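Chemist: Next up is a structure, given as structure tokens.
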Amino acid sequence: RIHWYSLYDLPRTWEATTRHKEAEGSSYYRHFHMGILREDGTPKLALNTFAKFTPAFGLCQWFHFEDHRLEDAVAWMKRLGVRHLRTGLSWADSFRPNALEWFDRQMAALADFDVTLTFCFTPEHRGIAPHHTSPPIVAEEYAEFCANMVRRYCPAEARALANESALGA
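In the working numbering, the protein residues as written are 2 to 170.
Structure follows, in structure tokens:
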């Protein structure tokens, strides 16, 4: 499956999350401009070309905690004919107040898409180093977060198929 990165340009007000920060030439700096919509939601030239390749092409779109763009993003993806979406849920965000309510809202909004879900970002207080890319102090805590999210958001029939596949059935 091919996924375009991403629907929106990253907002310039968001801090870069790599050691390079916003350094010119770093790959993360270029991510600020890879959307088919500008950060204000206006279309870029690539939008019409992208639409010619949906639904074969999917999108990667990450939503920050309580991201105000969620509903607009869903509307744009439906308008463009997107069926496949790659997004993530943050282990670090799971420690915020109302985290499950946000995750529930996000996943409900994305229910009409075939979602590939990734799990990311170590909470600073649970990492070997206080950084979102740090390995966890206790790997089982991260595994438990992932297992909880799978149980909460992955349909039972998909979990059953995955278990059968893992068991070689």
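Backbone N, C-alpha and C fix where the C-beta goes; we use that ideal spot for every residue, glycine too.
From a predicted model like this one, the values you see are computed outputs, not experimental measurements.
1. Within the continuous beta strand (DSSP E) that includes Trp5, where are the two ends?
2. Tell me, to the nearest whole angstrom, how far the beta carbon of Leu111 is from that of Val75; I am working on the premise that it is less than 8 Å.
3. Cα separation between Asp41 and Leu168?
4. Leaving aside the five residues before and after Ala157 along the sequence, list all residues of the same chain whose C-beta is less than 7 Å from its C-beta, in chain order.
5. Once DSSP output is grouped into helix, strand and coil, what is the label at Asp94?
6. His126 by DSSP, collapsed to three states: which one?
7. Are Gly82 and Thr55 close, meaning C-beta to C-beta below 9 Å?
8. What is the DSSP secondary structure of Val116, counted as helix, strand or coil?
9. Just verifying my parser: in three-state terms, what is the DSSP assignment at Leu162?
10. From the DSSP secondary-structure annotation, give me the bridge partner or partners of Phe51.
11. Mind reading off the beta-carbon distance from His4 to Cys61? Whole number of angstroms is fine, and I expect it under 8 Å.
12. If you pair each beta-carbon of the segment 101-116 with each one of the segment 133-147, do three or more pairs fall below 8 Å?
Modeler: Concretely, from the data shown:
1. In the sequence shown, residue 5 corresponds to position 4, counting from 1. Where Trp5 is concerned, the enclosing beta strand (DSSP E) stretches over 3-6.
2. Against the sequence shown, residue 111 aligns to sequence position 110. Against the sequence shown, residue 75 aligns to sequence position 74. About 7 Å separates the beta carbons of Leu111 and Val75, which is inside the 8 Å limit, making them a contact pair.
3. On the sequence shown, position 40 is the one that residue 41 refers to. On the sequence shown, position 167 is the one that residue 168 refers to. Taken atom to atom, the span from the alpha-carbon of Asp41 to that of Leu168 is near 47 Å.
4. Taking the first residue of the sequence shown as position 1, residue 157 is located at position 156. Nothing listed; no residue qualifies.
5. Within the sequence shown, numbered from 1, the residue matching residue 94 stands at position 93. Helix at Asp94.
6. Numbered from its first residue, the sequence shown carries residue 126 at position 125. His126: helix per DSSP, three-state reduction.
7. For the purposes of this step, residue 82 is taken as the residue at position 81 of the sequence shown. For the purposes of this step, residue 55 is taken as the residue at position 54 of the sequence shown. A contact, by the Cβ cut-off of 9 Å.
8. Your numbering for residue 116 matches position 115 in the sequence shown. Val116: strand per DSSP, three-state reduction.
9. In the sequence shown, counting from the first residue as 1, residue 162 sits at position 161. Leu162 falls in the helix class under three-state DSSP.
10. Counted from its first residue, the sequence shown places residue 51 at position 50. Looking at the DSSP assignment, Phe51 forms no beta bridge with any residue, so it has no partner.
11. Numbered from 1 along the sequence shown, position 3 holds the residue referred to as residue 4. Numbered from 1 along the sequence shown, position 60 holds the residue referred to as residue 61. Sure, about 5 Å apart at Cβ, within 8 Å.
12. With a cut-off of 8 Å, the segment 133-147 and the segment 101-116 do not count as touching, because too few Cβ pairs lie within range.
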